[in-house]
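Undergrad: Under our numbering, the first residue of the sequence shown is numbered 8, with each subsequent residue one higher.
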Amino acid sequence: MNALHVISFSSTNYYLLKCNDGFLLIDAGWVGKYEKFKKGLGALGIGVDSIKYILLTHHHHDHAALVQNIRSETSCRIIVHQDEVKFIRQGTTFTGDMRQFNIWLKLLDTCTSPFIRLNYNPVMLNKDDIIVSDNDYDLCGLTGLKARVIHTPGHSKGSISLLLENGDSFVGDVAMNILRVFGQRQRPIEAEDYNDVYRSWQKLIHSGAKMVYPSHGRSFPVKELIRILETI
Ligand SMILES: [Zn+2]
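So, in structure tokens, the structure goes:
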């Protein structure tokens with residue numbers, strides 16, 4: 008059984024999994040929220056120096072903006088997909104190909120986006136970081152976690168998920184569980200390619216995912232995704 012911890016603020020979840028010599032953190036985001044993040048860590052009794060790995064599900068500001076802050080205080084290693092590297096190095100959120108699921112979510116995005124800071128501290132990668140490709144990447148040897156990284160594009164091209172042996176899947180934004188009043192159910196409220204999102208869901212299902220832990224909203228059983236796929 009892997010010990011799972013979560014820090015939540017600004018509608019976003021940051022998960023921590025106990026690994027060999029400390030913790031693997033999944034994402035760290037929102038510009039200007041580092042103190043808030045550290046307060047959340049402190050409440051869990053975890054020191055920032057216990058973070059040994061940061062798995063970046065994708066490059067967006069609410070997932071990557073605090074990574075360089077953490078790096079400046081630790082020697083943690085980053086795990087990221089090759090297609091996200093360019094953006095984290097620049098500290099930019101690429102929105103060029105982003106489409107909202109429907110007109111209501113498009114309107115909401117138009118109203119809220121002027122208030123969101125998309126640019127963040129560029130992440131300096133080094134030789135110890137792990138750049139994954141489209142192939143599954145087994146994390147066991149590195150971290151002791153019985154888990155693998157799976158390429159799950161759709162929300163962004165280089166989105167990745169972490170799938171534990173017990174079926175828990177940490178999927179970033181390839182699925183969400185928020186704002187369901189707008190009718191998208193567990194789809195992401197926005198994505199670069201919804202067909203890729205559905206293919207990534209199928210990949211997760213076939214790879215053995217059972218519970219989905221999204222970055223936005225509460226966890227839910229994978230059968231919710233199966234139900235949506237049956238309607239498409
Ligand atoms: Zn995102």
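No residue lacks a Cβ here, since even glycine has one placed at the ideal position from N, Cα and C.
Predicted model, so just to flag it, every value in this text is computed and none were measured.
Where does residue 86 sit, in a helix, a strand or coil, going by DSSP?
TA: In this structure, residue 86 counts as strand in the three-state DSSP scheme.
Undergrad: Taking all protein chains shown into account, do 16 or more other C-beta atoms lie within 10 angstroms of the C-beta of residue 74, making it buried, or fewer, making it exposed?
TA: By the 10 Å Cβ count, residue 74 comes out buried.
Undergrad: Using a threshold of 7 Å, is the CB atom of residue 158 nearer than that to any non-hydrogen atom of ligand 1?
TA: Incorrect: residue 158 has no Cβ contact closer than 7 Å to ligand 1.
Undergrad: Taking a contact to mean a Cβ-Cβ separation below 8 Å, would you say residue 174 touches residue 70 in this structure?
TA: Their beta carbons are not under 8 Å apart, which means residue 174 does not touch residue 70 by this criterion.
Undergrad: Could you give the DSSP three-state label for residue 15: helix, strand or coil?
TA: DSSP places residue 15 in strand when its eight states are reduced to three.
Undergrad: Does the segment 121-137 touch the segment 9-18, meaning 3 or more C-beta pairs lie closer than 8 Å?
TA: With the cut-off at 8 Å, the segment 9-18 and the segment 121-137 do not touch.
Undergrad: Collect the residues with a C-beta less than 7 Å away from any heavy atom of ligand 1 and give them in sequence order along the chain.
TA: In chain order, the qualifying residues are 65, 67, 69, 70, 162, 163, 179 and 180.
Undergrad: Spell out a yes or no on whether the segment 156-166 and the segment 45-56 are touching, meaning 3 or more CB-CB pairs, one atom from each, closer than 8 Å.
TA: Segments in contact, no.
Undergrad: For residue 100, which option in 127, 121, 53 and 236 has the closest C-alpha, if you only look at C-alpha atoms?
TA: Comparing Cα-Cα distances from residue 100 to each of 127, 121, 53 and 236, the minimum goes to 127.
Undergrad: When the Cβ atoms of the segment 146-156 are set against those of the segment 190-210, are three or more pairs found closer than 8 Å?
TA: Not touching, per the Cβ criterion.
Undergrad: What residues in its chain sit with their C-beta under 8 Å from that of residue 53, if we drop five residues either side in the sequence?
TA: Only 12, 23 and 30 meet the Cβ criterion.
Undergrad: Leaving out five residues on either side along the sequence, give the residues of the same chain with a beta carbon under 8 Å from the beta carbon of residue 8.
TA: Because the pLDDT at residue 8 is just 42, under 50, the model does not fix this residue reliably, and the point stays unresolved.
Undergrad: Tell me the rounded alpha-carbon separation between residue 112 and residue 199.
TA: The alpha-carbon atoms of residue 112 and residue 199 are separated by roughly 14 Å.
Undergrad: DSSP state of residue 232, grouped into three classes?
TA: In this structure, residue 232 counts as helix in the three-state DSSP scheme.
Undergrad: Within 10 angstroms of its Cβ, does residue 106 collect 16 or more other Cβ (buried), or is it exposed?
TA: It counts as exposed.
Undergrad: Cα separation between residue 81 and residue 144?
TA: Their Cα atoms are separated by approximately 24 Å.
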